[in-house]
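Under this note's numbering, think of the first position of the sequence shown as 229, with each following residue one higher.
Encoded as structure tokens, the structure appears first; notes follow it.
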Amino acid sequence: MSYSLYDAAILHSKDALNSLSSILKKAESHANAASFTTAKLAEDMLDLSFQVHFTTDTAQKIAARLTGSEPLTLAREDCNSFESYQARIAQVLEVLNKVDRELVEKRIDEVVTIGLGPGKSADMKCRDFAQGYAIPNVFFHLTTAYAILRKEGVDLGKMDFLTPFGSPKPGSLSSFATPLSITRPQIPIFKSNISIITTVKMAAHWWLLRAIQSFEDHIVASILRRPGFHRAVGRIHKTINEKQYGRNPHEPLAPGEATADPNSGDRNERFARHFIEELKNQFRGKPTDLPSNRPKK
């Protein structure tokens, strides 16, 4: 089934209302909830009650325009408390649940007239009305309601907003949370078995990236766990410093003391090669002429 106007308009409107209901329920339990109904994001913007009213009113008008029916008359004054918010959302969800998918698809190119304020109107196709005007308005006022509540101190997070949009929807491709089960076996890496994952509900490429990252992490960890690795690097570093500078460069200079010129390109290159070769010898088990800093027995 292809993605349709019904999915874009009706299903997303329902998701938006469920999201609004969820964040309002969380806000209602806040100690200062009584003051939230008149709270604003900025002085020249409208309050929370208007955001709830306009979100729900636009959603029910989407259903009316796309089915060719008359929209409800919803009064802004009736949307002024958390109880009335939830009642309004439930009322509009009931309207959206009754929308016929086939009727919406048949009317995709039908022209409808919409109001744009006092004395203003515009004619546009149902598809353009939903995608270019109605749905953006729903999301704008939903997001503004969320932002008002966050500003007022409600403990909301991104998932409070998004979770209703991810719920599975039978017969629709609009959900991003459709389960995808992938079983990953135990994968031996070096000398230990690493369980990448058992059963997941994520995209396959994500787990491929995780496997690559795990492999890289174990390479680094195995090198760092090699016996004597840190001592070998320390001895090599000390020897090269002594040969190149004639002293430990991290110790303070005595008055009038000068160091060897460190800017000789040939010398720097020679000691860099020496460092790499000695590091290889440490792991090959070959004897090295580097002095040991271990105490003599």
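No residue lacks a Cβ here, since even glycine has one placed at the ideal position from N, Cα and C.
Exercise for the section: Please say whether Leu384 and Ile251 have beta carbons closer to each other than 7 Å? Expected result: Numbered from 1 along the sequence shown, position 23 holds the residue referred to as residue 251. Numbered from 1 along the sequence shown, position 156 holds the residue referred to as residue 384. The answer is yes: Cβ separation under 7 Å.
Practice task
Output the residue ranges of the alpha helix (DSSP H) runs that lie fully inside the segment 261-302 and measure 4 residues or longer, sorted by chain position.
Solution key: As far as the segment 261-302 is concerned, its whole alpha helix (DSSP H) runs of at least 4 residues are 276-295.
Exercise for the section: Would you list, in sequence order, the uninterrupted alpha helix (DSSP H) runs of no fewer than 4 residues that lie entirely inside the segment 362-400? Expected result: The segment 362-400 contains these whole alpha helix (DSSP H) runs: 363-379, 386-390.
Practice task
Work out the CA separation of Ala291 and Glu330 for me, nearest whole Å.
Solution key: Residue numbering aside, residue 330 sits at position 102 when the sequence shown is read from its first letter. Residue numbering aside, residue 291 sits at position 63 when the sequence shown is read from its first letter. A direct Cα-to-Cα measurement between Glu330 and Ala291 gives close to 13 Å.
Practice task
Give me the Cα-Cα distance between Gln314 and Thr284, rounded to the nearest whole angstrom.
Solution key: Mapped onto the sequence shown, residue 314 falls at position 86. Mapped onto the sequence shown, residue 284 falls at position 56. Their Cα atoms are separated by approximately 10 Å.
Handout entry: Extent of the continuous beta strand (DSSP E) run through Val349
Key = For the purposes of this step, residue 349 is identified with residue 121 of the sequence shown, where counting begins at 1. Strictly speaking, residue 349 in this sequence is Ser, with Val absent from that position. Going by DSSP, Ser349 is part of the beta strand (DSSP E) stretching over 349-353.
Problem - Coil, strand or helix - Leu451 by DSSP - result: As a position in the sequence shown, residue 451 is number 223, starting the count at 1. The amino acid occupying residue 451 in the given sequence is Ile; Leu does not appear at that position. The answer is helix: DSSP assigns Ile451 an H, G or I state.
Exercise for the section: Below 7 Å CB to CB, which residues in the same chain sit around Glu298 once its five sequence neighbours on both sides are set aside? Expected result: By one-based count along the sequence shown, residue 298 stands at place 70. Excluding sequence neighbours, Glu298 sits near Ala292.
Problem - Nearest residue (CA-CA) to Leu377, options Ala261, His281, Thr286 - result: Translated into positions along the sequence shown, residue 377 becomes position 149. If we check each option's Cα against that of Leu377, Ala261 comes out closest.
Exercise for the section: Tell me whether Val320 sits in a helix, a strand or coil according to DSSP, three-state version. Expected result: Stepping through the sequence shown from its first residue, residue 320 is reached at position 92. Val320 falls in the helix class under three-state DSSP.
Problem - Integer Cβ distance of Asn308 from Ser257, believed to fall under 8 Å - result: Position 80 of the sequence shown, counted from the start, is the residue given in the question as residue 308. Position 29 of the sequence shown, counted from the start, is the residue given in the question as residue 257. Incorrect: roughly 19 Å between the Cβ atoms, too far for contact.
Problem - C-beta atoms of Val340 and Phe357 nearer than 7 Å - result: Position 112 of the sequence shown, counted from the start, is the residue given in the question as residue 340. Position 129 of the sequence shown, counted from the start, is the residue given in the question as residue 357. Going by C-beta atoms, Val340 is nearer than 7 Å to Phe357.
Handout entry: Rounded straight-line distance, which links the Cα of Phe368 to that of Tyr234
Key = Numbered from 1 along the sequence shown, position 6 holds the residue referred to as residue 234. Numbered from 1 along the sequence shown, position 140 holds the residue referred to as residue 368. For Tyr234 and Phe368, the distance between alpha carbons rounds to 20 Å.
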